[in-house]
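Structure, as structure tokens:
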Amino acid sequence: MKKISIIIPYKIFDRYVKECLEGCNRLNYDNFEIILLPDEKTSEDKKYTTIETGKVKPSKKRNIGVKKAKGEIIAFLDSDAYPRYDWLRNAVKYFEDDNVGIVGGPNLTPKNVNIWEKISGDCLGMFVCSGKAAIRYKIGKEKKYVEELPSCNLLIRKELFMDFDETLLTAEDTKLCFQVKERGRKILYAPDVVVYHHRRDGLLKHLKQMWIYGRDVAFLLKKKFSFDKVYYGLLSLWVLGLIIGGILSYFHEIFRLIYSGVVLFYLIFIFILSLLKNFRRSFLIFLTTIFTHIVYGIGFIYGILK
633 MKKISIIIPY
643 KIFDRYVKEC
653 LEGCNRLNYD
663 NFEIILLPDE
673 KTSEDKKYTT
683 IETGKVKPSK
693 KRNIGVKKAK
703 GEIIAFLDSD
713 AYPRYDWLRN
723 AVKYFEDDNV
733 GIVGGPNLTP
743 KNVNIWEKIS
753 GDCLGMFVCS
763 GKAAIRYKIG
773 KEKKYVEELP
783 SCNLLIRKEL
793 FMDFDETLLT
803 AEDTKLCFQV
813 KERGRKILYA
823 PDVVVYHHRR
833 DGLLKHLKQM
843 WIYGRDVAFL
853 LKKKFSFDKV
863 YYGLLSLWVL
873 GLIIGGILSY
883 FHEIFRLIYS
893 GVVLFYLIFI
903 FILSLLKNFR
913 RSFLIFLTTI
923 FTHIVYGIGF
933 IYGILK
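In my numbering, the protein residues as written are 633 to 938.
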């Protein structure tokens with residue numbers, strides 16, 4: 633049985649960390665250790681391997697934790713997430729394939745959360761909002777190889793781990809996945825490798841997260857660009873199209889008709905999909921999806937220009 637090191641970075645010991653550790657203690661896997669990386673140690677975390685890191689980015693905390701890890705496999709888990717009881721047992725079997733370097737799966741919205749967490753989860757789980765990443769927020773039908781996975785639910789062979797980029801606040805996990813793929817290993821999404829992950833509990837918090845992610849992905853792609861990664865900038869092209877199309881529509885009737893038609897089709901399409909996702913929350917899902925597109929796109933443009 634492979635030894636696994638669970639790495640959990642956080643600022644302070646709060647109810648989310650408590651919930652996270654309770655989930656880890658219910659795991660039906662015997663050979664694992666838990667490494668906690670708080671800003672400062674507290675009395676609540678004495679029973680685990682705890683490393684006081686000071687106020688640094690999560691990427692730096694994780695790098696520190698990996699250096700102390702004894703496991704063959706490193707399991708990254710966010711402090712506001714908690715695993716399903718079979719998380720490790722299901723994940724470890726996929727590492728029997730030597731071609732697999734990273735394994736991860738769905739990070740689902742917990743049931744007993746406020747409406748904004750539910751709406752954020754609804755939006756992120758829709759292809760029209762998150763694109764290919766939507767599979768991360770729901771249980772897919774089958775395992776599949778993907779471009780990248782988030783560090784809230786990511787397991788990697790320790791021998792393949794390269795330090796997270798400590799200049800990035802987010803998207804450092806994306807960079808790690810790209811690096812592993814460059815070394816010829818595969819990134820596997822497995823629908824039975826499940827954690828429950830809290831969302832931002834307010835619209836502005838959700839949008840701030842999307843802006844930062846768009847910005848940091850742009851930072852990452854500027855460092856090492858390839859045409860297969862143009863996909864990450866599509867929403868920035870949509871935002872530019874809205875701006876340029878809006879300006880042109882003032883100067884010619886044909887531009888105005890085309891622009892109005894495209895925008896109207898977009899709004900109707902998003903609204904129908906929002907109704908299908910959850911009828912009761914459909915209007916808020918509709919608005920949040922639109923704002924998510926715009927804010928991510930602006931964040932990406934900012935990241936390119938900065």
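Where is the CB? At the ideal position from N, CA and C, for every residue including glycine.
Going by beta carbon distance, what residues of the same chain come within less than 8 Å of T924, once the five residues before and after it are set aside?
Result list for T924: C755, C761, H838, L839 and M842, in chain order.
Can you check DSSP and say which residues form a bridge with I640?
Beta-bridge pairing links I640 to L668.
Just to confirm my understanding: we take Y864, look at its own chain, exclude 5 residues before and 5 after, and list those with CB closer than 7 Å. What are they?
Only V849 and L853 meet the Cβ criterion.
Could you tell me whether the Cβ atoms of P742 and K693 are closer together than 8 Å?
Note that the C-beta distance between P742 and K693 is not below 8 Å.
I need the boundaries of the alpha helix (DSSP H) containing R647, first residue and last residue.
Residues R647 to N657.
Cutting at 6 Å between CB atoms, please list the residues of its own chain near L899, excluding the five before and the five after it.
For L899, where only same-chain residues beyond five positions count, there are no Cβ hits under 6 Å.
Quick check: the Cα distance between K687 and I644, rounded to an integer number of angstroms?
CA-CA distance, K687 to I644, rounds to 10 Å.
With a cut-off of 8 Å, do at least 3 Cβ pairs link the stretch 705-724 to the stretch 655-663?
Under the 8 Å Cβ criterion, the stretch 705-724 counts as touching the stretch 655-663, having at least three qualifying pairs.
Which residue comes first and which comes last in the alpha helix (DSSP H) that contains L808?
Taken as a continuous stretch (DSSP letters only), the alpha helix (DSSP H) holding L808 covers E804 to E814.
Beta strand (DSSP E) segment containing G736, residue limits:
Boundaries of the beta strand (DSSP E) harbouring G736: V732 to G736, taken from the DSSP string.
Spell out a yes or no on whether the stretch 805-817 and the stretch 757-772 are touching, meaning 3 or more CB-CB pairs, one atom from each, closer than 8 Å.
Cβ pair count under 8 Å is below three, so no.
The stretch 815-829 in contact with the stretch 727-746 per 3-pair CB rule at 8 Å:
Contact holds: three or more Cβ-Cβ distances are below 8 Å.
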